[in-house]
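Novice: Quick one: the structure is below, questions incoming.
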Amino acid sequence: MSRLIPHHASPPSIADLDTIAAAAFAEIPEELRRHVADVLIRVEDFPDEDVEREMELESPFDLLGLYRGSAMDIHAFGGVPGSVDMILLYRRPILDYWCETGEDLSSLVRHVLIHEIGHHFGLSDDDMSRIEDEV
């Protein structure tokens, strides 16, 4: 997937991260992808002030992504009326993390995307950490 990232004179844009996220989503196995087909994936520069406050962030750079919506277990009982399931990827924190770690940007975006999909399935951060430790 790294071939999708063009060489930049400036940092990758929101559109670039959209492209990377779409490619990462396409690589997720179909049996998982079909359960999140209706989840909107959106890239924004930073979390908004409400998210910063709700999550008690020390800095807007502390959050790479966020799942906003109802977990699948809640959907099984009719969901929350009018809610839109959405995965938000935060460009500036992702790019900072990418620069600090040297990790492949496509792999990083894929990791954040899969992490947020885990929240769609109702998994907590602790659940996902345990799963990642087992792999």
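My numbering applies: residue 564 is where the sequence shown begins, and numbers increase by one. The beta carbon of each residue, even a glycine, is placed where N, CA and C say it ideally should be. Bear in mind that the values here come from a model prediction, so they are computed numbers and not experimental data.
Which residues mark the beginning and the end of the beta strand (DSSP E) in which Y631 is found?
Specialist: In the sequence under discussion, the amino acid at residue 631 is Arg, which differs from the Tyr named in the question. Counting along the chain, the beta strand (DSSP E) containing R631 begins and ends at 628-631.
Novice: In the DSSP assignment, find the beta strand (DSSP E) that holds R654 and state where it starts and stops.
Specialist: No beta strand (DSSP E) holds R654; the alpha helix (DSSP H) holding it covers 654-664.
Novice: Is the Cβ-Cβ distance between I650 and Y630 less than 7 angstroms?
Specialist: Their beta carbons are under 7 angstroms apart, which means I650 touches Y630 by this criterion.
Novice: Could you check how far apart the C-beta atoms of V599 and G628 are, in whole angstroms? I think they sit under 8 angstroms.
Specialist: The Cβ separation is near 14 angstroms, so there is no contact.
Novice: Pull up the CB-CB distance for S646 and S633, whole angstroms please, since I reckon it's below 8 angstroms.
Specialist: The pair is a contact, with the Cβ atoms about 6 angstroms apart (cut-off 8 angstroms).
Novice: Whole angstroms is fine: what's the gap from L580's alpha carbon to I657's?
Specialist: Spanning the two alpha carbons is a distance of roughly 10 angstroms.
Novice: Near P574, which residues of its chain fall below 6 angstroms by C-beta distance, leaving aside the five closest residues on each side in sequence?
Specialist: Cβ neighbours of P574 beyond the five flanking positions: L658.
Novice: Does P610 pass the burial test, meaning 16 or more other C-beta atoms within 10 Å, or should it be called exposed?
Specialist: Classification for P610: buried.
Novice: Could you tell me how far apart the beta carbons of D613 and I577 are, in whole angstroms, since I believe they sit closer than 8 angstroms?
Specialist: With a Cβ gap of about 20 angstroms, D613 and I577 do not count as contacting.
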